[in-house]
Structures are given as structure tokens and as C-alpha cells.
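These notes are about the structure you will find just below.
Numbering (the numbering used here), first residue to last: 189 to 318.
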């Protein structure tokens, strides 16, 4: 028999200087143990039916979509702040900081695009689970 284990980690994108939480499920082989009852005691009670497992997977996918949406919203707010800072620095004639902030703005916009793509991919996975 096997047991589903949930793993989670943070992935660092050095080019964009951002983190992304990645979660996945893996099966662990428990054939060396005495019985499935022992494992169910260790991992929280009764074994789940396939419908319950699908509901849990769907819930996890939906949670991930909401997290991605929150991060995308934060980046959009950051983008607005950077634009205001660029305008202010340009008005003051500080072209060095303007160039640096413009590069940051491009990175932020690229990251927002990536979040749109990730959200669409996660929603596609969620639709396949239905």
C-alpha cells in the first residue's frame, strides 16, 4: 500500500528576484509496515475515498490560484508606486535612479505576465480535476 505525502517549498527566481511557493504530492510505499491501519493512525485517521481526495486536490489548486492572484495584485500595486517614483525622480532631473527604476518596472511587468500564465495553468488543472 502507499500513502500520499504533501511537500512544499519556496523557489527563488534569481533573474526576477522573486519567490514562488510550490507544492506537490508524492506516494510513499508502506509495504514494509504491518498494516494500513497502523499508517492511518499515523497520518490522521481513516483512509480517504477517491472523491474526498479529488475534493482536497481541487481545494489545494483553488487555494494556489487565490495565492497567485494576491501576489499579482501586490505586484500591480508595486508597479503603480514605481511609476509614480519614476515620474517624481524624472521631474527632479535624477536620471540615474530613473533608469534603475525603469528596469525594475520592466521586471515587475514581466513577473505580472508570468503570474497571469501560472494562474491560467492552475485553473486549467482545476478544471481537469472536476
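For each residue, glycine too, the CB sits at the ideal point set by N, CA and C. On a predicted model such as this, the values are computed, not experimentally measured, just so you know.
Spatial distance of residue i from residue j (CA atoms)
{"i": "residue 298", "j": "residue 276", "result": "23 Å"}
{"i": "residue 235", "j": "residue 246", "result": "18 Å"}
{"i": "residue 269", "j": "residue 304", "result": "20 Å"}
{"i": "residue 262", "j": "residue 318", "result": "30 Å"}
{"i": "residue 310", "j": "residue 280", "result": "44 Å"}
{"i": "residue 225", "j": "residue 243", "result": "Note that residue 225 has pLDDT 49, beneath the 50 cutoff, so the model's placement of it is unreliable and the number below is only indicative. Distance between the alpha carbons of residue 225 and residue 243 is about 23 Å."}
Where the alpha helix (DSSP H) containing residue i begins and where it ends
{"i": "residue 273", "result": "238 to 279"}
{"i": "residue 296", "result": "283 to 317"}
For residue j and residue i, believed in contact at Cβ under 8 Å, the rounded distance
{"i": "residue 286", "j": "residue 274", "result": "6 Å"}
Proximity to residue i [Cα-Cα], best of the options
{"i": "residue 254", "options": "301, 307, 313", "result": "307"}
{"i": "residue 260", "options": "289, 291, 296", "result": "296"}
{"i": "residue 291", "options": "301, 302, 267", "result": "267"}
{"i": "residue 312", "options": "252, 240, 237", "result": "252"}
{"i": "residue 301", "options": "242, 239, 264", "result": "264"}
Minimum Cβ-Cβ distance from residue i to chain D less than 9 Å
{"i": "residue 318", "result": "Judged by its chain identifiers, the structure shown contains no chain D, having just a single protein chain."}
Exposure label - residue i; buried when at least 16 CB within 10 Å
{"i": "residue 256", "result": "buried"}
{"i": "residue 289", "result": "buried"}
{"i": "residue 249", "result": "buried"}
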